[in-house]
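Below is one structure, written out as structure tokens, with a few remarks after it.
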Amino acid sequence: DAGITQSPRYKITETGRQVTLMCHQTWSHSYMFWYRQDLGHGLRLIYYSAAADITDKGEVPDGYVVSRSKTENFPLTLESATRSQTSVYFCASSESLWSSGSPLHFGNGTRLTVT
Amino acid sequence: GIQVEQSPPDLILQEGANSTLRCNFSDSVNNLQWFHQNPWGQLINLFYIPSGTKQNGRLSATTVATERYSLLYISSSQTTDSGVYFCAGALYNQGGKLIFGQGTELSVKP
């Protein structure tokens, strides 16, 4: 199906483990984003990518790593998970940030719990 | 990066009432969007509106770029309008840093 898919939907991991959250979009959008959502903080930008092999830090990048070897995939890795990284993670994509025909589309989110 | 402030943080309405949500930016953004997060957590784009006015059914939005604010109007509210409304903005010279406000949580009572 066309769209943006995140996996897994739910994940429980232990402190110190590495975990990767997956994001796949079928539109060939240039821009992709990772946000985390916590109570009282709204949506905070972790990393974004303007194209394959181009990534940049957002507001809260510490403890996270991203890669974008293919346009359609934008995985987010927590190198050594901490309890403070317990959150809901949203992936999003957009063809272009600078034209009105390119709104931002979100995946359904991954709820991550670090114990 | 830019700062985004939304007001009010919370709003309770009776069904049928109108409301106005505000978003202030620290700079004149080149990209400004409004989103609705429903009670199930899904985020849906409502408007892409870096300037001017747009309408979609009972919802409309106005952005005054020179004054660095945007307004979202909800008329004849329905219980299905409940959820959290977010605005987000980005500056062209800051690449793709699309920054969100903290949201306005709207509850529409029947």
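Top to bottom, those sequences are chains S and B.
The first sequence begins at 15 in the numbering used here and counts up one residue at a time.
The second sequence begins at 1145 in the numbering used here and counts up one residue at a time.
Ideal Cβ placement from N, Cα and C applies to all residues, glycine included.
Keep in mind it's a predicted model, so treat the numbers as computed, not measured.
CA-CA distance, residue i and residue j?
| i | j | result |
| --- | --- | --- |
| residue 1254 of chain B | residue 1239 of chain B | 43 Å |
| residue 1186 of chain B | residue 31 of chain S | 28 Å |
| residue 69 of chain S | residue 63 of chain S | 4 Å |
| residue 1237 of chain B | residue 26 of chain S | 38 Å |
| residue 97 of chain S | residue 77 of chain S | 12 Å |
| residue 112 of chain S | residue 124 of chain S | 28 Å |
| residue 56 of chain S | residue 1245 of chain B | 7 Å |
| residue 114 of chain S | residue 1166 of chain B | 21 Å |
| residue 66 of chain S | residue 82 of chain S | 5 Å |
| residue 95 of chain S | residue 80 of chain S | 15 Å |
| residue 1210 of chain B | residue 127 of chain S | 42 Å |
| residue 28 of chain S | residue 129 of chain S | 5 Å |
Kindly indicate if chain B contains any beta-carbon less than 8 Å away from that of residue i.
| i | result |
| --- | --- |
| residue 107 of chain S | no |
| residue 72 of chain S | yes |
| residue 114 of chain S | yes |
| residue 17 of chain S | no |
| residue 66 of chain S | no |
| residue 43 of chain S | no |
| residue 117 of chain S | yes |
| residue 53 of chain S | no |
| residue 126 of chain S | no |
Residue i: which of the options sits nearest, CA to CA?
| i | options | result |
| --- | --- | --- |
| residue 100 of chain S | S:61, S:49, S:80, S:119 | S:49 |
| residue 18 of chain S | S:54, S:106, S:44, S:79 | S:106 |
| residue 93 of chain S | S:86, S:33, S:59, S:71 | S:33 |
| residue 40 of chain S | S:126, S:121, S:127 | S:121 |
| residue 1206 of chain B | B:1168, B:1225, B:1248 | B:1168 |
| residue 84 of chain S | S:96, S:59, S:37 | S:37 |
| residue 1188 of chain B | B:1173, B:1152, B:1171, B:1225 | B:1225 |
| residue 1171 of chain B | B:1250, B:1147, B:1214 | B:1147 |
| residue 21 of chain S | S:29, S:129, S:35 | S:35 |
| residue 52 of chain S | S:29, S:119, S:103 | S:103 |
| residue 91 of chain S | S:61, S:23, S:119 | S:61 |
| residue 116 of chain S | S:29, S:28, S:45 | S:45 |
Once you ignore the five residues that flank residue i on each side, which residues in its own chain have a CB closer than 7 Å to its CB?
| i | result |
| --- | --- |
| residue 1159 of chain B | 1221, 1222, 1223, 1252, 1253, 1254 |
| residue 1204 of chain B | 1197, 1198, 1217 |
| residue 1247 of chain B | 1150, 1228, 1229, 1230 |
| residue 43 of chain S | 107, 108, 109 |
| residue 1152 of chain B | 1248 |
| residue 1183 of chain B | 1226, 1227 |
What does a CB cutoff of less than 6 Å around residue i pick up in its chain, not counting 5 residues either side in sequence?
| i | result |
| --- | --- |
| residue 1219 of chain B | 1162, 1202 |
| residue 1242 of chain B | 1232, 1234 |
| residue 1200 of chain B | none |
| residue 1178 of chain B | 1190, 1191, 1205, 1216, 1231 |
| residue 1164 of chain B | 1215, 1217 |
| residue 1193 of chain B | 1176, 1205, 1207 |
| residue 1156 of chain B | 1251 |
| residue 1154 of chain B | 1249 |
Is there a C-beta anywhere in chain S that falls below 8 Å from the one on residue i?
| i | result |
| --- | --- |
| residue 1229 of chain B | no |
| residue 1209 of chain B | no |
| residue 1177 of chain B | yes |
| residue 1233 of chain B | no |
| residue 1213 of chain B | no |
| residue 1156 of chain B | no |
| residue 1145 of chain B | yes |
Who are the near neighbours of residue i in its chain, counting only those whose CB is closer than 8 Å to its CB and skipping five residues on each side?
| i | result |
| --- | --- |
| residue 59 of chain S | 47, 48, 49, 72, 73, 74 |
| residue 1213 of chain B | 1166, 1167, 1168, 1169, 1207 |
Taking Cβ-Cβ distances below 8 Å as the criterion, which residues of the region 87-104 of chain S are in contact with chain B?
102, 104
Chain S contacts from the region 1235-1253 of chain B (Cβ-Cβ distance under 7 Å)
1236, 1239, 1240, 1241, 1242, 1243, 1244, 1245, 1246, 1247
Anything in the region 1169-1200 of chain B with a Cβ closer than 7 Å to a Cβ of chain S? List those residues in chain order, please.
1174, 1175, 1177, 1185, 1186, 1187, 1189, 1192
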